[in-house]
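Trainee: Residues in the sequence shown are numbered consecutively from 53, following my numbering. Where a beta carbon is used, it is the ideal one built from N, C-alpha and C, also for glycine. Here's a structure for you.
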Amino acid sequence: MNEARGMVEAAIRTIGLDPAALVMKESTKDGAPGETQQVAWTLKRGSAAVLVMLLRRGDVASLRVVSPTIVFDPAKKDVLFPRLLKLNAEGMMGCAFALVGDKVVVVTERPIVDLSETEVAHAIRLVAGVSDTYDDKLVAEFGGKRASDT
Numbered sequence: 053m054n055e056a057r058g059m060v061e062a063a064i065r066t067i068g069l070d071p072a073a074l075v076m077k078e079s080t081k082d083g084a085p086g087e088t089q090q091v092a093w094t095l096k097r098g099s100a101a102v103l104v105m106l107l108r109r110g111d112v113a114s115l116r117v118v119s120p121t122i123v124f125d126p127a128k129k130d131v132l133f134p135r136l137l138k139l140n141a142e143g144m145m146g147c148a149f150a151l152v153g154d155k156v157v158v159v160t161e162r163p164i165v166d167l168s169e170t171e172v173a174h175a176i177r178l179v180a181g182v183s184d185t186y187d188d189k190l191v192a193e194f195g196g197k198r199a200s201d202t
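What follows is the structure, given as structure tokens:
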């Protein structure tokens, strides 16, 4: 996971940010010194907050990039959810809308095997761009609030 961390930090630098200033969370197995189990960075691109994580689940380590997009109006979920599924099916290349509690998020995840710095930078830009593009559109169409406004 150390090699992947170096790639994430290099990718964050390529978008003009200091990864050391953005580390939000780091944990090791059972809190003991050793291999990192999870490390996360938070950053902002446009109106989108983005969480970039390296995490280990069992034997699989993954890169996960998530951006909260909107806090949805529960009264509109019957029309919002099919719209999100349609957007996913129409070509959300490499990412998807998902739900976390009362939030719509944009997410992408992949194992770190054969990960490259270019892929990390692309994942960050992709998730941030989709979230920043759709937060205003979804709120205008379905109500709720941009996640960045909460």
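#1: How is the beta strand (DSSP E) around Val172 delimited, first residue to last?
#2: Taking the continuous beta strand (DSSP E) assigned at Phe124, which residues delimit it?
#3: Answer yes if the stretch 118-127 comes into contact with the stretch 86-105, meaning at least three C-beta pairs across the two stretches below 8 Å, and no otherwise.
#4: Helix, strand or coil: how does DSSP classify Thr202 here?
#5: Does the stretch 171-187 touch the stretch 140-160, meaning 3 or more C-beta pairs lie closer than 8 Å?
#6: Please report the straight-line C-alpha distance between Ile67 and Asp154, rounded to a whole angstrom.
#7: Hey, would you say Met53 sits closer than 8 Å to Ala113, going by beta carbons?
#8: Just tell me which of Leu74, Asp187, Glu61 has its CA closest to the CA of Val123.
#9: With DSSP collapsed to three states, give me the class of Glu61.
#10: Enumerate in chain order the residues of its own chain whose CB-to-CB distance from Val191 is below 7 Å, with the five nearest sequence positions on each side excluded.
#11: Relative to the C-alpha of Gly98, which candidate in Asp184, Val152, Asp201 has its C-alpha closest?
#12: Tell me, please, which residues DSSP counts as bridged to Pro71.
#13: Looking only at C-alpha atoms, which of Glu55, Glu78, Trp93 sits nearest to Asp70?
Mentor: Taking the structure as given:
#1: Along the sequence shown, one-based indexing puts residue 172 at 120. Where Val172 is concerned, there is no enclosing beta strand (DSSP E), although the alpha helix (DSSP H) it sits in stretches over 169-194.
#2: In the sequence shown, the residue the question calls residue 124 occupies position 72. Boundaries cannot be given for Phe124, as no beta strand (DSSP E) includes it and DSSP labels it neither H nor E.
#3: Yes, since at least three Cβ pairs between the stretch 86-105 and the stretch 118-127 fall closer than 8 Å, the two stretches touch.
#4: Sequence index remark: in the sequence shown, residue 202 carries index 150 (1-based). Reduced to three states, the DSSP call for Thr202 is coil.
#5: With the cut-off at 8 Å, the stretch 140-160 and the stretch 171-187 touch.
#6: Locating residue 67 in the sequence shown gives position 15, counting from the first residue. Locating residue 154 in the sequence shown gives position 102, counting from the first residue. Cα atoms of Ile67 and Asp154: separation of roughly 30 Å, rounded to the nearest angstrom.
#7: For this step, residue 53 is matched to residue 1 along the sequence shown. For this step, residue 113 is matched to residue 61 along the sequence shown. Contact: yes.
#8: As a first step, residue 123 is located in the sequence shown; it is residue number 71 there, counting from the start. Selected option, being the one with the closest Cα: Asp187.
#9: For the purposes of this step, residue 61 is taken as residue 9 along the sequence shown, with counting starting at 1. Glu61: helix per DSSP, three-state reduction.
#10: What you label residue 191 is simply residue 139 of the sequence shown in a count that begins at 1. Once the five neighbours on either side are set aside, the close Cβ partners of Val191 are Ile122, Lys197, Arg198.
#11: Residue mapping note: residue 98 aligns to position 46 of the sequence shown, counting from 1. With distances taken between Cα atoms, Gly98 lies closest to Asp184.
#12: As a working mapping, residue 71 is identified with position 19 in the sequence shown. None, per the DSSP bridge assignment.
#13: Taking the first residue of the sequence shown as position 1, residue 70 is located at position 18. Put simply, of Glu55, Glu78, Trp93 the residue whose alpha carbon is nearest the alpha carbon of Asp70 is Trp93.
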